[in-house]
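These notes are about the structure you will find just below.
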Amino acid sequence: MPAVRCIELVKTYRQGSQAIHALDRISLDIAAGGFVCLSAPSGGGKTTLLNAIGGLDLPDSGEVWIDGERVDVLGKAALASLRLHRIGFVFQSYNLVPVLSARENVEFVMQVQGVPAAERGRRSRAILAEVGLEGLGDRRPAAMSGGQQQRVAVARAIVSQPTLVLADEPTANLDSEGADKLMRLFVELNERHGTTFVIATHDPRVMAYAKRLIRMLDGRIVDDIDQAGG
Amino acid sequence: MTGLGLRLAWRNLWRHPRRTVLTLAAIAFSNVLLVFMISLQVGTYGLMIDNSLQALTGHLQVQADGWLDDHRLQQVVPDGAALAADLRAGLGLAAVSQRAVAHALLSSEERSYGAQLLGVDPEREPLVSSLPGLLRDGRWLANGGAAEIVLGSALARNLRVAPGDRVTLLGSARDGSFAASITTVAGVFDSGIAGIDRGIAMLPFDYFGETFAMRGAAHQVVIVTPALEHVPEYEWRAEALLPASANLVVLDWDVLQPGLKQAIRADIGSAFFVYAVLVVLVAFSVLNTQLMSVLERTKEFGIHLALGISPGRLGNIVLTESALLGGLGLLLGMLLGAAVTAWFGVRGFAYPGMEELAASFNLPAVFYPQLNLVSVTAGPGVVFVFTLLAALYPALRLHWLEPVAAMRAA
C-alpha cells in the first residue's frame with residue numbers, strides 16, 4: 001500500500017477568462033518511506049499538488065489516498081485531524097508563533113493533540129535536540145537565525161511522528177549551508193524513522209538529496225526519475 | 231484553556247502593547263465611570279426616597295379603604311389614637327402617629343388662601359415627619375388641644391403672617407357643618423418642597439378634631455419603619471393588627487407616592503441609555519482591537535490550520551485574549567472605581583445646577599455615592615460580557631478561513 005496515491009487529479013484556477021490548469025490529470029503513487037522531490041518552475045503545479053495531498057485544498061476531480069484512506073472526500077474536521085496526527089507540514093516561511101519560545105512552539109501542537117504536559121516537555125526537548133537545537137528551547141523566534149527557525153518548524157512538524165512530511169520550498173529562505181543542514185536532517189529522519197517526505201522545490205541542491213525526482217510542467221508530470229541508485 | 235493556551239493568549243495581547251494599553255484604558259475608564267455613576271444613583275435614590283418619605287408620607291399608612299382616591303372627610307380610621315397605640319405596641323415601633331386631614335380656607339387680616347390642614351399629634355409627629363424639625367420661625371405645636379397652627383413658609387408669606395399672628399380657618403366639618411375657628415400661628419416651617427411649603431398647615435390633633443367634628447377619628451396612621459427594606463415585613467404585620475370590623479387598608483410608600491418611583495424609573499431609564507452607549511462604545515473598541523489582531527495574524531492562523539489545529543481552538547485563543555483583556559479591565563475598573571467612589575462617598579459630590587433638582591426632592595445639594603456589591607460589579611460585569619461578545623465575530627471568522635488562502639495573506 002503506497003503512502004500516497006493520487007488518481008487523475010484535476011485542479012483548475014480561473015484568472016479572468018483564462019483557465020489555468022494547476023493539476024492536469026495527475027496520477028502517482030509514493031511508497032511508504034519514500035523521499036520524493038516535486039520539481040517545477042513557478043506555477044508548475046507542485047504546491048497545488050502538495051496542498052491536495054495534504055488536504056489543504058480539494059481537487060476539482062480525482063482521488064487522493066493517504067495510507068489507504070481516501071482523503072479528498074473527508075470533511076474539514078476530519079482533514080484537520082488527519083493533518084494534526086498523520087501529516088507534518090514544513091513551509092517556506094517558518095511561521096512560528098513569535099510570542100512563544102522554540103520549545104513552546106513545538107509543545108503547542110502536542111497540546112492540541114492532547115499530549116500530557118510532562119510528556120510534552122520530554123518530547124519537545126528530545127525533538128529539539130534531534131534537530132540540533134539543544135539548549136535553544138527557551139529562545140523566541142526573533143532571537144534565532146533563519147536556519148534555526150526552520151529547524152523549529154521542522155521539529156513542530158515531526159513531533160507528532162507523522163508518517164508523511166510535506167515540505168513546500170523548505171530551503172527558500174536559507175543560505176546554502178543552512179539548506180544542506182536541513183536536507184541532511186530530512187534524510188536522517190527519513191532513514192531513521194521511515195517517514196515519507198514529499199518536498200516541493202525548484203532548488204537543484206535539494207533535488208540532489210531525493211531518492212525520486214518528479215518533474216512537473218503546467219500541471220502535468222513530465223518526468224519521474226528514480227535517483228535511489230545514484 | 232490550559233497553561234500554554236493562557237500564556238499564548240496573554241503574550242498575544244502584548245504583541246502591540248500600545249494598542250492593548252489603549253483598549254485596556256478604555257475598558258477600565260468606562261468601568262470606573264459605571265461604578266461611580268451607579269453608586270451615585272444608588273446613593274441618590276436612597277436619599278430621594280428617604281427624604282421624600284420623611285417629609286410627610288412615611289413608609290406605611292393605615293387609611294380607610296378609598297380615602298386615598300376620594301379624600302372624603304367621612305372616610306375615617308374610627309379611633310386613630312387607639313389604633314396608633316395598638317400598632318406601636320404590636321409592631322414594636324415608636325414612630326407611629328395618627329393624622330386627620332381636611333381642606334380649608336385660611337384668612338389673615340389681608341389675604342385668604344386654601345390649604346390642606348393636618349391634625350397631628352404634637353408629641354408623635356416629629357417621629358414620623360421631618361417638618362417639625364424644619365421650623366424656620368417660631369416653635370412647634372404644644373401638647374394638648376391649643377388653638378394654634380404651624381404653616382408652610384410660602385403659605386405664611388402669602389398670608390403675610392408670622393408667629394403670634396392670628397389666622398381664621400373656614401371649612402366643612404365631618405358632619406357637614408361649617409368648621410370655623412380662629413387660631414394663632416405658632417411657627418413656620420421650610421421644607422424646601424414647594425408643594426408642601428405652599429399648601430400645608432398643621433394643627434394639634436385634638437384642636438383639629440373639635441373644629442372638624444372628628445370625634446376622635448383620624449384619616450391616616452403613619453408608620454415609619456427602621457429601613458426601607460423592612461417595609462414589606464411591617465406591612466403584613468400591620469395588616470394583621472387591624473381591627474377586623476373596620477374597613478381599613480395598609481398602603482406602602484410606593485402606593486402613597488407613586489411619582490417617586492416613576493421619577494426614579496425615568497432617571498434609571500435615561501441613565502441606562504447613557505450606560506448602554508458607553509458599553510457599546512467599549513465593545514466596538516474591543517471588536518476593533520480583536521479584529522485587527524486576527525486580520526494581521528491571518529497567515530499565522532492559516533499555518534495553524536494547515537498543521538491541523540481546528541478553527542474552534544484558534545477561536546478559543548482569540549476569546550481567551552478578549553477574556554484576559556476584559557478581565558484586566560474589569561479588575562482595574564472595579565478597583566479604581568471603588569477607590570474614586572469611596573473618596574466621593576466621604577467628601578460628597580456636587581455639580582452645578584444640581585441644587586434645584588435636589589431641592590424638589592428635599593435633598594441636599596451634595597450627594598454621597600453609595601458603594602455596594604451591585605454598584606461595583608454590575609457595570610463592569612456587563613462590560614466584561616460585551617467584551618467577550620465583541621470577540622465572537624473575530625473568533626467566528628476563523629471558521630471561514632481556508633488554510634491555503636490564509637497562508638497567501640500578506
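Taken in order, these protein sequences are the chains called A and B.
Just so it is clear: in the first sequence, position 85 is 85 by our numbering, and no numbers are missing.
Here our numbering = 1-based position in the second sequence + 230.
Glycine included, each C-beta is placed from N, C-alpha and C at the ideal position.
None of the values given here were measured: they were computed from a predicted structure.
Pairwise C-alpha distance: residue j and residue i
i                 : j                 : result
Ala210 of chain A : Gly68 of chain A  : 24 Å
Ala636 of chain B : Leu628 of chain B : 10 Å
Ser359 of chain B : Arg390 of chain B : 25 Å
Arg366 of chain B : Gly556 of chain B : 54 Å
His246 of chain B : Thr519 of chain B : 10 Å
Leu279 of chain B : Leu631 of chain B : The displayed chain sequence assigns Ile, not Leu, to residue 279 of chain B. Approximately 56 Å, taken between the alpha carbons.
Val178 of chain A : Ile66 of chain A  : In the sequence on display, residue 178 of chain A carries Gly and not Val. Their backbone Cα atoms lie some 30 Å apart in a straight line.
Gly43 of chain A  : Arg83 of chain A  : 24 Å
Leu565 of chain B : Val262 of chain B : 8 Å
Ala200 of chain A : Gly233 of chain B : 36 Å
Ser269 of chain B : Leu601 of chain B : 5 Å
Arg467 of chain B : Ser383 of chain B : 37 Å
Gly425 of chain B : Val613 of chain B : 42 Å
His202 of chain A : Gly33 of chain A  : 22 Å
Ser260 of chain B : Pro456 of chain B : 36 Å
Arg241 of chain B : Val152 of chain A : 19 Å
Glu134 of chain A : Arg156 of chain A : 14 Å
Val480 of chain B : Leu313 of chain B : 12 Å
Pro352 of chain B : Ala580 of chain B : 36 Å
Ile20 of chain A  : Gly45 of chain A  : 10 Å
Leu347 of chain B : Arg396 of chain B : 16 Å
Ala332 of chain B : Gly401 of chain B : 8 Å
Any chain B beta carbon closer than 8 Å to residue i
i                 : result
Ala52 of chain A  : no
Asn95 of chain A  : yes
Ala80 of chain A  : yes
Ala77 of chain A  : yes
Glu104 of chain A : yes
Arg139 of chain A : no
Arg212 of chain A : no
Leu182 of chain A : no
Arg125 of chain A : no
Leu174 of chain A : no
Own chain partners of residue i with C-beta closer than 7 Å, once the 5 adjacent residues on each side are dropped
i                 : result
Gln149 of chain A : Tyr94, Leu96 and Pro141
Arg318 of chain B : Ala324 and Val326
Pro488 of chain B : none
Tyr343 of chain B : Leu336, Leu385, Asn388 and Leu389
Gly296 of chain B : Gln305
Ala448 of chain B : Val306, Val307, Gly310, Gln328, Arg329 and Ala330
Chain E contact residues for residue i, given Cβ-Cβ distances below 7 Å
i                 : result
Val109 of chain A : Looking for chain E here will not work: the only protein chains present are A and B.
CB-CB length for residue i against residue j, believed under 8 Å
i                 : j                 : result
Val159 of chain A : Arg123 of chain A : 6 Å
Val606 of chain B : Val307 of chain B : That pair is no contact at about 44 Å.
Leu478 of chain B : Val292 of chain B : 6 Å
Pro41 of chain A  : Lys11 of chain A  : Wrong, their Cβ atoms sit about 17 Å apart, outside the cutoff.
Trp483 of chain B : His289 of chain B : 5 Å
Asp138 of chain A : Arg192 of chain A : Not quite, the Cβ-Cβ distance comes to about 26 Å (not below 8 Å), so this is no contact.
Close-in-space but distant-in-sequence residues of the same chain around residue i (CB under 6 Å, 5 per side omitted)
i                 : result
Asp57 of chain A  : Asn51
Asp218 of chain A : none
Val438 of chain B : In the sequence as displayed, the identity of residue 438 of chain B is Phe instead of Val. Hits under 6 Å: Ala330 and Gly349.
Thr195 of chain A : Val165 and Leu189
Val198 of chain A : Val36 and Leu166
Val154 of chain A : Val90 and Val131
Thr441 of chain B : Ala409 and Ser411
Pro362 of chain B : Glu355, Pro356 and Trp370
Gly88 of chain A  : Ala157, Ile158, Pro162 and Val165
Asp405 of chain B : Ala443
CB contact check: residue i to chain A, cutoff 8 Å
i                 : result
Pro210 of chain B : Nothing about residue 210 of chain B can be read from this structure; chain B reaches only from 231 to 640.
Arg245 of chain B : yes
Arg648 of chain B : In this structure chain B extends from 231 to 640, so residue 648 of chain B is not present and cannot be described.
Glu526 of chain B : no
Glu459 of chain B : no
Leu558 of chain B : no
Ile533 of chain B : yes
Val251 of chain B : no
Arg638 of chain B : no
Glu551 of chain B : no
Close-in-space but distant-in-sequence residues of the same chain around residue i (CB under 8 Å, 5 per side omitted)
i                 : result
Gly235 of chain B : Asn546, Ile547 and Thr550
Arg369 of chain B : Pro393, Ala416 and Gly417
Review point. Considering only residues of the region 38-78 of chain A, which uninterrupted alpha helix (DSSP H) runs meet the minimum length of 4 residues and lie entirely inside it, listed in chain order?
Key: 46-53
Check your understanding: Of all the alpha helix (DSSP H) runs that stay within the bounds of the region 181-222 of chain A, which reach a length of 4 or more residues?
Key -> 204-207
**Study point:** Whole runs of the alpha helix (DSSP H) within the region 251-337 of chain B, excluding any shorter than 4 residues
**Key:** 297-300 and 310-321
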